[in-house]
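Everything on this sheet refers to the single structure shown next.
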Amino acid sequence: MAEYNFLETEKKWQAFWQENESFKAEVDTSKPKFYALDMFPYPSGAGLHVGHPLGYIASDIVSRYKRIKGFNVLHPMGFDAFGLPAEQYAIQTGQHPAITTEENINRYKEQLRNIGFSFDWSKETQTCDPNYYKWTQWIFIQLFNSWYNNDANKAESIDSLVSSFEKNGNTGVNATCDEDTASFSAEDWKGYSEAEQQEILLKYRLTYLSETTVNWCPELGTVLAQDEIKDGYSERGGYPVVKKLMKQWSMRISAYAERLLSGLDKLEWSDPLKEMQRNWIGKSQGTEMTMKVDGHDETITVFTTRIDTVYGVSFLVLAPELELIEKITTPEQKQIVDEYVSVAKNRSERDRMSDVKTVSGAFTGAYAINPFNDEKVPIYIADYVLAGYGTGAVMAVPGGDQRDFDFAKHFDLPILPVYEGMDVSEKADATKEGKIINEGIFKGLNFQEATDTGIKFLEDKDIGSGKINYRIRDAIFARQRYWGEPVPIYFKDGIPYPVAAEDLPIILPEVDKYLPTEDGDPPLGRAENFTYTPTGSSEAYPLELSTMPGWAGSSWYWYRYMDANNGEAFVAEDVISYWKDVDLYIGGTEHATGHLLYSRFWNKVLFDLGFVKVEEPFKKLVNQGMIQGRSNFVYRVKGTNQFVSEGLKKEYDTTPMHVDVSIVSNDILDTEAFKSWRPDLADAEFVLEDGKYKCGYEVEKMSKSKYNVVNPDDIINKYGADTLRMYEMFLGPLEQFKPWNTHGIDGVFKFLKKFWRLFHDGNNNFNVSDEKAKPEELKILHKAIKKLEEDINSLSLNTSVSTMMIAVNELTSLKCNKREVLEGLVIILSPFAPHITEELWELLGHSGGISTATFPNYDESLLVEAAHEYPISINGKVRTKLKFPIDMNPKEIESEALADESVQKWVEGKTPKKVIVVPKRIINIVI
Ligand code: ANZ
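Offset between the sequence shown (1-based) and my numbering: plus 10.
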């Protein structure tokens with residue numbers, strides 16, 4: 011019997027979709043829109059493994075479903091194409107990263123095509139394409155030309171700031187700006203030179219150049235953002251990261267801290283994801299208090315969330331970076347302080363925060379005065395206090411704070427009894443609960459009252475106030491690398507100016523090597539004539555040599571998809587008015603604080619400036635869980651080339667070794683394939699159990715080095731894309747982490763064959779009947795429609811697969827081949843298994859593709875039991891069963907039952923003494 015030929019059919023329909031542009035989405039105001047977005051991939055050299063398409067399959071199912079529910083669906087795909095790996099490869103081989111990137115993209119596209127996604131490829135975007143990054147540069151300039159007005163609580167044009175300065179100087183301006191911005195009058199402003207004015211404006215611009223301490227990765231030759239560093243090492247490559255002072259572009263994301271925080275409340279995102287963003291933003295409500303330094307004019311301002319514990323302060327701690335330290339350190343303490351400062355400087359912020367074991371610091375010799383009780387307390391420096399948070403200075407309360415306690419113990423400092431009569435852990439609990447305050451002016455007050463009283467005390471003396479701090483830092487926006495967007499800025503007398511919009515894009519220039527110059531300039535310093543001549547000028551000015559960071563291109567790409575080929579605007583007005591925002595965004599949690607925060611930030615800026623329609627771009631977001639690898643192991647007897655089967659390994663002294671999962675099937679090793687796997691294994695010997703070599707297994711991250719990577723192409727060749735799609739969903743709930751294991755894939759494969767057979771006779775001839783379907787057949791279909799809709803809407807796609815399996819099994823056992831049922835079944839399965847359903851749809855006599863079909867409505871009335879099967883009891887014994895419609899009246903049931911042949915056989919022509927019909931239960935006949 012010839013069977014369904016998935017390889018041929020899948021190719022046929024993929025070509026059909028491409029030729030007919032079946033999934034091309036254009037503005038169509040007669041239909042409601044649905045925008046399903048996937049996090050676009052970085053096209054790495056390794057290609058896709060089975061874990062990558064998991065989210066794409068889910069969003070494709072939803073997209074295909076929404077399309078046949080009557081929505082106009084935008085479901086695009088593109089590539090986040092700038093990035094380090096292509097550049098590292100370029101450095102090693104001299105090959106231009108554009109070439110590597112293009113090769114990788116083509117491979118990805120081929121792999122994606124094979125899976126049968128309903129992407130609108132006419133809207134493909136690549137962040138490294140000048141037609142795309144022209145607009146990334148344009149957005150950069152919008153940020154450069156804006157400032158954040160705290161009164162209006164939004165970004166505004168820098169021109170409005172300049173006119174305020176001209177009228178009133180900066181005294182009346184309430185802006186988010188650099189800490190060190192001095193105040194000036196209108197007269198001052200007018201008297202400043204052009205260069206001075208521009209220097210001041212840089213302190214306000216939403217993207218600005220400033221001298222900052224950056225995370226510098228010498229090995230990669232670039233600065234890295236907070237989220238690109240893990241435990242002091244670069245996320246890519248794992249190289250050490252150190253602190254370095256550099257002039258850098260930054261983005262003033264801190265201006266948006268509160269809006270980024272409050273905006274989360276309205277989003278349909280998972281709670282853990284929102285929590286990650288909340289923690290990253292790190293809002294903290296506290297008090298700033300300025301303290302005198304004994305015998306100096308200097309003051310120190312501390313930030314505390316517990317002003318109520320101020321009577322327990324027994325010392326102060328400053329971050330080692332503070333400039334003030336030099337001024338207040340006594341000559342006796344100078345050497346020890348200097349030494350400590352130089353050691354602490356080189357530790358990463360993360361190390362310093364997470365280091366709980368070692369207590370270190372140094373005494374400055376100076377004292378500060380606690381304004382609440384006029385007591386003198388010693389001033390220390392220690393690296394557990396961070397320069398970049400709060401004021402970089404803390405009032406230490408060892409009676410309330412664990413790190414202060416550890417520090418006090420180490421340096422033998424007094425631990426004041428803030429909480430009378432409590433031991434340390436009780437105090438810590440009381441502090442956490444924030445309820446026991448019994449000192450000085452706080453006697454008898456609760457936490458909130460004490461806080462308010464403390465703030466009032468400070469305000470009256472003009473030495474402090476309530477203060478909200480955010481942990482989020484402005485984002486460094488430059489990389490000293492080649493393969494990224496050029497920053498559209500040129501320098502005139504050292505002052506940065508934006509390139510005119512009509513002169514964009516600034517094309518990434520050619521260079522002879524992808525390395526820094528001899529002078530330490532970034533690779534763009536090697537380009538010949540990398541300059542800009544503004545219109546009307548005869549002079550060419552040098553352009554910025556840093557490129558944009560990895561997150562630039564991904565911070566707005568969902569808008570470009572709407573109108574990917576527009577040369578006039580980043581997206582046309584009527585197009586953005588229609589598509590507006592993303593209805594469903596699916597992607598990995600690894601982007602929780604990087605991409606998703608930066609995207610929200612840029613979106614808010616563009617919203618404030620009137621370029622986009624909504625403040626939050628991603629209404630609903632789902633994180634697919636990772637598919638983990640299922641690694642296999644063999645066990646080598648130490649020092650030999652002998653390998654012991656898993657069950658026997660205890661009897662030998664062995665070391666486990668990863669083995670390529672492609673030469674293992676159901677944990678049984680193909681020993682011949684193993685010998686030819688690597689030259690050093692050619693003479694391998696095996697100790698078998700039951701004649702087989704059984705491998706061990708472990709669930710780990712899918713990675714090349716663990717030899718557990720499964721390529722979707724292999725699965726497709728063996729089982730087809732429809733099986734791969736359904737199997738990936740069948741593995742478990744979308745959001746869960748789950749190991750890839752092929753044990754169950756046969757079941758899905760067989761299901762599709764069984765589905766095909768419903769439409770065919772034993773000789774594989776198409777055989778569908780136009781006869782009317784029976785109620786029980788319709789019921790199976792309608793039950794499936796109902797369940798499937800509920801499941802797709804809640805993204806419970808693993809249970810949809812089982813629903814379809816049940817329906818197909820039931821229809822198979824009824825031998826149902828009625829068009830009325832099967833047509834509906836084909837349509838509802840089409841989002842999951844688009845190829846086989848397209849083929850059957852065509853066989854059913856339709857043209858134009860199944861994406862033009864309509865998802866059937868389920869009929870509730872068909873779901874209720876239409877008939878009841880009554881046991882017929884004759885003289886107390888159930889003799890037979892009969893079915894009657896449930897709305898039939900008992901009298902009719904009685905006469906029909908008595909007339910039935912099988913009942914007559916038992917009644918033997920007698921007149922029954924009694925007939926009792928219990929509706930929907932039983933019929934009792936007494937003769
Ligand atoms: C006194 C005190 C007593 C504190 C007490 C805590 C408990 P969050 O909530 O994270 O904002 N702190 C302030 N600036 C710091 C810095 N630059 N580096 C390290 N620690 C710093 O934490 C604020 C609290 O962390 C502040 O409140 C301060 O210690 C410390 F029983 O002041 B607290």
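Glycine included, C-beta positions come from ideal geometry on N, C-alpha and C.
Neighbourhood of residue i by C-beta, 8 Å cutoff - its chain only, sequence neighbours within 5 removed
i: Lys200; result: Glu176
i: Ser193; result: Gly179, Asn180 and Thr181
Opening and closing residue of the beta strand (DSSP E) in which residue i lies
i: Pro881; result: Ala877 to Ile884
i: Asp48; result: Lys43 to Asp48
i: Ala378; result: Ala372 to Ile379
i: Glu708; result: Gly706 to Glu710
i: Tyr507; result: Ile505 to Pro508
Contact set for residue i: own chain, Cβ-Cβ below 7 Å, skip 5 residues either direction
i: Arg536; result: Val521, Asp522, Lys523 and Thr527
i: Lys685; result: Leu691, Ala692 and Ala694
i: Lys445; result: Note on Lys445: pLDDT 48, under 50, position unreliable in the model; no value is reported.
i: Lys764; result: Val818 and Thr822
i: His605; result: Trp561 and Ser564
i: Leu153; result: Leu216, Thr217, Met261 and Val615
i: Thr890; result: Ile882, Ser912 and Val913
i: Val647; result: Val654, Tyr662, Asp663 and Thr664
8 Å contact criterion, which residue i and residue j should meet: CB distance rounded
i: Ser565; j: Tyr507; result: About 23 Å separates the two Cβ atoms, so there is no contact after all.
i: Ile291; j: Ile482; result: 5 Å
i: Ala165; j: Tyr480; result: Not a contact, Cβ separation roughly 17 Å.
i: Phe92; j: Glu495; result: 7 Å
i: Gln634; j: Gly57; result: Rounded, the Cβ-Cβ distance is 19 Å, inconsistent with contact.
i: Met636; j: Phe747; result: 5 Å
i: Leu234; j: Ser244; result: 6 Å
Buried or exposed (CB count within 10 angstroms, at least 16 for buried), residue i
i: Glu549; result: exposed
i: Ile447; result: For Ile447, the pLDDT reaches just 47, beneath the cut-off of 50, and the residue's location in the model is therefore unreliable, although a value from the coordinates is still provided. Buried, since its Cβ has 16 or more Cβ neighbours within 10 Å.
i: Met11; result: In this prediction, Met11 has a pLDDT of 41, which is less than 50 and means its spatial position is unreliable; nothing more can be read from the coordinates.
i: Gly61; result: buried
i: Asp307; result: exposed
i: Leu326; result: buried
i: Ile935; result: buried
i: Gly730; result: buried
i: Glu197; result: exposed
i: Met667; result: exposed
i: Glu554; result: buried
i: Ser861; result: buried
Cβ neighbours of residue i in the same chain (closer than 6 Å, five flanking residues each side left out)
i: Ile726; result: Asn124 and Leu734
i: His878; result: Ile896 and Lys930
i: Ser73; result: Ala46, Val83, His85 and Ser128
i: Asp780; result: Arg829
i: Glu849; result: Thr19
i: Ile425; result: Pro408, Gly409 and Ala418
i: Ala100; result: Pro107 and Tyr524
Cross-strand partners of residue i (DSSP beta bridge)
i: Gly474; result: Met299
i: Trp259; result: Leu219
i: Trp226; result: Val233 and Val252
i: Pro489; result: Reading off the sequence, residue 489 comes out as Arg, not Pro. In the DSSP output, where bridge partners are listed per residue, Arg489 has Thr557.
i: Trp157; result: Glu166 and Arg215
Endpoints, alpha helix (DSSP H) assigned at residue i
i: Ile201; result: The amino acid occupying residue 201 in the given sequence is Gly; Ile does not appear at that position. Here the alpha helix (DSSP H) through Gly201 covers Ala196 to Gly201.
i: Ala205; result: Glu204 to Leu212
i: Leu234; result: Unbroken run through Leu234 is the beta strand (DSSP E), Thr232 to Leu234; no alpha helix (DSSP H).
i: Tyr588; result: Glu583 to Trp589
i: Asn124; result: Pro107 to Ile125
i: Pro63; result: Pro63 to Ile78
i: Gly597; result: Note, Gly597: premise wrong, no alpha helix (DSSP H); beta strand (DSSP E) at Leu594 to Gly597.
i: Glu906; result: Pro900 to Ala909
i: Lys386; result: No alpha helix (DSSP H) contains Lys386, which is instead part of the beta strand (DSSP E) from Lys386 to Ile391.
i: Lys7; result: In the structure as shown, the chain begins at 11 and stops at 937. Residue 7 is therefore absent and cannot be evaluated.
i: Arg483; result: Element bounds for Arg483: n/a, residue is neither H nor E.
CB contact check: residue i to chain D, cutoff 9 Å
i: Arg215; result: Considering every chain present, this structure includes no chain D. It has just one protein chain.
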